[in-house]
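For reference, the structure discussed in these notes is given below.
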Amino acid sequence: MKTNKIIFLTLFSIFLCFTTLSCASTSGTTKTAGGKNSYLTIGGGKAVYTNVDSEDGAVLFGKKIDGYDNVTVINCAKSNERNFATVDLSDYMDMEAEVQFSCDMKVVNASGEEVDVIWMVNEIDAGLPKFDQKKVASGEWTHYSGNKTIAFSGKRQFYFSAAGINKDDIKIFIKNFNLTLYSDDIGKEKVVQKSWTDEPSLAEAYKPYFDYIGFATPLSGVLNNSMVQEGLVHQASCITMENEFKPDFVFAWQKPGNLKDFVAEDGKTYKVPGNTPSMENVASILKIARYLGIKMRGHTLVWHNQTPDWFFRENFGNSKEAYADRATMNARLEWYIKTVLEFVKDWEVKNNNGEHIVIAWDVVNEAASDSATQKLWIRTNGNWYAIYHDDSYIVNAFRYANKYAPKDVLLAYNDYGCASVAKSDAICKIVDAIRAAPDARIDVVGMQTHVGMNTPVTGPNSFETSVKKFIAKGVDVQITEMDIGQDGQRYNSEKLKAKYKEFFTMFLNNRKTPGNYGIRGVTLWGIIDERSWIYNNNGTKQHPLLFSGAYTCKPAFYGVLEAAEEAK
């Protein structure tokens with residue numbers, strides 16, 4: 095038995111009244127004997143056909159067809175609309191529900207041609223989700239089914255789409271039609287969600303405990319939006335650009351138009367791009383951050399992804415050119431890190447009285463192997479490994495970062511999957527390799543924290559285990575890209591709240607204190623669900639963040655606040 099509340103809808107033929115498991119009512123709410131579940135009807139107890147007049151023979155109910163009883167027959171030629179079977183879901187506007195559907199259907203086309211059958215919901219924000227689509231032969235019974243979680247943003251309908259069908263030639267036969275909506279919101283009064291500008295500040299709540307609370311944000315439509323800025327500076331003290339500080343964006347996808355000389359640490363002169371990077375976009379972002387009075391994490395200098403292929407090739411050529419040798423790549427790596435870090439440092443001197451806006455850099459991102467072993471622990475795919483075949487490029491990146499970054503700006507190694515024993519061991523080996531170089535510096539391990547509802551937070555082999563492992567290495571920890579996916583579960587706002595509270599309580603229990611290593615700050619990877627990188631995850635809506643829609647507070651937001659309040 096489902097434990098959450100249910101809208102249950104059974105149509106023995108589509109126009110029949112809704113029934114409940116007890117068959118006690120055709121409208122309103124009916125409870126089972128145990129009283130645990132509510133079964134609510136939809137649209138006053140009936141599924142609605144669109145402008146179909148059953149009295150003139152357009153719809154025949156309870157017919158016996160092909161040996162089946164209770165078949166509904168629709169003569170589409172007598173309909174004035176394109177969608178012949180429609181269930182009204184208007185009562186569930188602003189509600190989120192898992193929708194389960196099934197039916198058996200036969201379409202008879204006078205021409206004998208195949209017919210494209212689509213059952214769907216006209217929910218625009220969800221991309222007009224299709225529950226089932228089949229191209230079927232005329233006259234064949236076919237089973238249709240589908241299961242999707244949908245947040246209804248308006249007055250919506252579940253319907254059979256007849257787009258492209260010549261209705262004058264079509265008859266439809268439907269039996270065993272079932273539509274069920276599961277939602278924890280059913281039977282509850284709708285809660286008015288409050289704007290993130292009207293609720294307490296996370297940044298203030300966590301100020302006694304962490305260096306910052308932050309959010310990842312794109313520039314366009316978010317960071318450069320004055321209305322979003324108001325809420326961002328209220329809730330956060332730090333931001334991370336989702337993409338704009340990555341090499342592809344810094345280079346603006348431009349190949350070198352001219353070359354200039356660069357004297358590398360080996361004393362030799364190498365050719366480097368003369369026209370790129372321009373740093374104009376970086377300057378624009380720094381200007382916004384200064385205006386908002388907010389700090390930044392720089393993400394990222396070195397990554398196997400989102401770095402132009404020509405950067406690794408002889409003469410900055412295309413992928414058909416040979417890879418550059420190690421000495422040349424060391425020079426390019428040093429030049430790139432020097433260019434970016436010195437630009438930011440000089441900008442801060444000229445425009446912010448030398449006060450740092452960028453307080454930490456992800457020097458290297460995601461270099462540990464997902465299948466790490468004691469013999470091979472670094473990622474072997476990608477251009478960096480193709481040239482170096484070892485971890486020396488990682489060590490060199492931290493050497494160059496230490497050479498050109500201000501000494502009070504933190505240098506971080508950042509990766510995902512840190513709760514894995516093999517991955518966390520691999521990261522520890524990377525930390526050791528960096529530490530072995532006398533002119534390298536690493537201050538922080540960045541734990542991305544793309545986790546799920548099933549991720550163990552504390553206990554043996556938990557996320558906390560890896561936190562403690564890194565702290566024991568003598569480095570601090572930053573939570574750099576946090577979101578919580580559903581792990582295949584139906585979205586439950588209260589369970590997500592509890593999971594966020596559990597994680598933040600653990601973060602607080604392992605926070606940095608004077609004289610000790612620990613967690614220094616937390617960044618959420620995104621602000622609202624609808625812009626999350628995992629919002630559409632294999633067709634399943636994810637709700638991994640603290641805010642949704644028009645930047646309104648979800649229960650998860652209050653779970654994070656509660657963790658801070660209870661830490662006092």
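Number 482 in the numbering used here belongs to position 388 of the sequence shown; there are no gaps in the numbering. For each residue, glycine too, the CB sits at the ideal point set by N, CA and C. The structure presented is a predicted model; accordingly, all values stated were derived computationally and were not measured.
Close beta carbons around residue i, own chain, < 6 Å, minus the five adjacent residues each side
{"i": "phenylalanine 339", "result": "Gly392, His393"}
{"i": "glutamate 336", "result": "Ala310, Pro312"}
{"i": "tyrosine 487", "result": "Trp478"}
Classification of residue i by the beta-carbon crowding that lies within 10 angstroms, buried from 16 upward
{"i": "isoleucine 168", "result": "buried"}
{"i": "glycine 615", "result": "buried"}
{"i": "serine 255", "result": "buried"}
{"i": "leucine 470", "result": "exposed"}
{"i": "histidine 637", "result": "buried"}
{"i": "glutamine 572", "result": "buried"}
{"i": "proline 608", "result": "exposed"}
{"i": "lysine 662", "result": "exposed"}
{"i": "lysine 158", "result": "exposed"}
{"i": "aspartate 360", "result": "exposed"}
{"i": "proline 302", "result": "exposed"}
{"i": "methionine 321", "result": "exposed"}
{"i": "glutamine 468", "result": "exposed"}
{"i": "methionine 95", "result": "Bear in mind that the predicted position of methionine 95 carries a pLDDT of just 38, short of 50, making it too unreliable to give a figure here."}
C-alpha distance - residue i paired with residue j, whole-angstrom precision
{"i": "cysteine 378", "j": "valine 438", "result": "As written in the sequence, residue 378 is serine, which differs from the cysteine given in the question. Going by the C-alpha atoms only, they are around 11 Å apart."}
{"i": "asparagine 477", "j": "leucine 504", "result": "26 Å"}
{"i": "serine 277", "j": "aspartate 484", "result": "51 Å"}
{"i": "isoleucine 536", "j": "valine 525", "result": "7 Å"}
{"i": "phenylalanine 651", "j": "isoleucine 621", "result": "11 Å"}
{"i": "isoleucine 382", "j": "glutamate 442", "result": "13 Å"}
{"i": "valine 201", "j": "valine 181", "result": "19 Å"}
{"i": "alanine 499", "j": "isoleucine 472", "result": "25 Å"}
{"i": "asparagine 672", "j": "phenylalanine 246", "result": "This structure cannot settle anything about residue 672, because the visible part of the chain is limited to 95 through 662."}
{"i": "alanine 575", "j": "cysteine 512", "result": "With the sequence shown as reference, residue 575 is identified as glutamate, and alanine is not the correct amino acid for it. Looking at the two C-alpha atoms, the distance is approximately 12 Å."}
{"i": "glycine 233", "j": "aspartate 210", "result": "13 Å"}
{"i": "phenylalanine 225", "j": "glycine 161", "result": "27 Å"}
{"i": "glutamine 194", "j": "aspartate 292", "result": "37 Å"}
{"i": "glutamate 149", "j": "phenylalanine 155", "result": "Model confidence at glutamate 149 stands at a pLDDT of 44, short of 50, so the residue's coordinates are unreliable; what they give is reported in the following sentence. Approximately 11 Å, taken between the alpha carbons."}
{"i": "isoleucine 212", "j": "aspartate 163", "result": "24 Å"}
{"i": "isoleucine 628", "j": "glycine 579", "result": "8 Å"}
Among the options, nearest to residue i - alpha-carbon criterion
{"i": "cysteine 332", "options": "Val316, Phe343, Ile307", "result": "Ile307"}
{"i": "glycine 493", "options": "Tyr430, Ala466, Ala513, Thr474", "result": "Residue 493 is actually arginine in this sequence, not glycine. Of the candidates Tyr430, Ala466, Ala513, Thr474, the one whose C-alpha sits nearest the C-alpha of arginine 493 is Tyr430."}
{"i": "valine 376", "options": "His398, Asn399, Asp440, Lys362", "result": "Asp440"}
{"i": "lysine 249", "options": "Thr422, Asp226, Met189", "result": "Met189"}
{"i": "phenylalanine 410", "options": "Val193, Tyr364, Phe598, Val396", "result": "Tyr364"}
{"i": "alanine 204", "options": "Ala231, Ala220, Val193, Gly221", "result": "Ala231"}
{"i": "glycine 633", "options": "Gly221, Ile481, Glu449, Asn604", "result": "Gly221"}
{"i": "serine 465", "options": "Asn241, Val515, Asp160", "result": "Val515"}
{"i": "alanine 454", "options": "Phe155, Leu435, Asn446, Gly568", "result": "Leu435"}
{"i": "tryptophan 191", "options": "Lys589, Tyr585, Trp619", "result": "The sequence shown places alanine at residue 191, rather than the tryptophan named in the question. If we check each option's Cα against that of alanine 191, Tyr585 comes out closest."}
{"i": "isoleucine 565", "options": "Arg605, Asp533, Leu273, Gln580", "result": "Arg605"}
{"i": "methionine 423", "options": "Lys228, Pro532, Ile481, Thr549", "result": "Ile481"}
{"i": "valine 215", "options": "Tyr300, Arg420, Gly240", "result": "Gly240"}
{"i": "leucine 353", "options": "Asp577, Glu408, Ala416", "result": "Glu408"}
{"i": "phenylalanine 252", "options": "Ala462, Leu618, Met187, Phe406", "result": "Met187"}
{"i": "valine 316", "options": "Asp305, Phe304, Thr334, Thr543", "result": "Thr334"}
{"i": "leucine 618", "options": "Asp533, Arg384, Ala297", "result": "Ala297"}
Proximity test, residue i beta-carbon vs the ligand FAD heavy atom, cut-off 6 Å
{"i": "glutamate 374", "result": "Here there are no bound small molecules, and the ligand FAD is not part of this structure."}
Beta-carbon gap between residue i and residue j smaller than 7 Å
{"i": "glutamate 660", "j": "methionine 600", "result": "no"}
{"i": "phenylalanine 267", "j": "cysteine 197", "result": "no"}
{"i": "valine 489", "j": "isoleucine 521", "result": "no"}
{"i": "valine 165", "j": "lysine 265", "result": "no"}
{"i": "alanine 673", "j": "valine 545", "result": "With the chain covering only 95 through 662, there is no way to say anything about residue 673."}
{"i": "alanine 425", "j": "alanine 495", "result": "no"}
{"i": "valine 344", "j": "proline 367", "result": "no"}
{"i": "asparagine 508", "j": "asparagine 459", "result": "yes"}
{"i": "aspartate 570", "j": "tyrosine 611", "result": "yes"}
{"i": "aspartate 262", "j": "alanine 171", "result": "yes"}
{"i": "glutamate 217", "j": "isoleucine 259", "result": "no"}
{"i": "lysine 563", "j": "serine 518", "result": "yes"}
{"i": "glutamine 400", "j": "aspartate 355", "result": "no"}
{"i": "methionine 547", "j": "aspartate 581", "result": "yes"}
Other residues of its chain near residue i: CB distance less than 8 Å, five sequence neighbours each side excluded
{"i": "glutamine 287", "result": "Ser642, Gly643, Thr646, Cys647, Lys648"}
{"i": "lysine 595", "result": "Gly653, Val654, Glu656, Ala657"}
{"i": "tryptophan 347", "result": "Pro402"}
{"i": "leucine 386", "result": "Gln323, Leu326, Val327"}
{"i": "asparagine 412", "result": "Asp403, Trp404"}
{"i": "tryptophan 397", "result": "Lys340, Pro341, Val458, Asn459, Glu460"}
{"i": "aspartate 219", "result": "Ala245, Ser247, Glu624"}
Contacts around residue i, its chain only, beta-carbon distance under 7 Å, and the 5 residues preceding and following it disregarded
{"i": "glycine 206", "result": "Ser232"}
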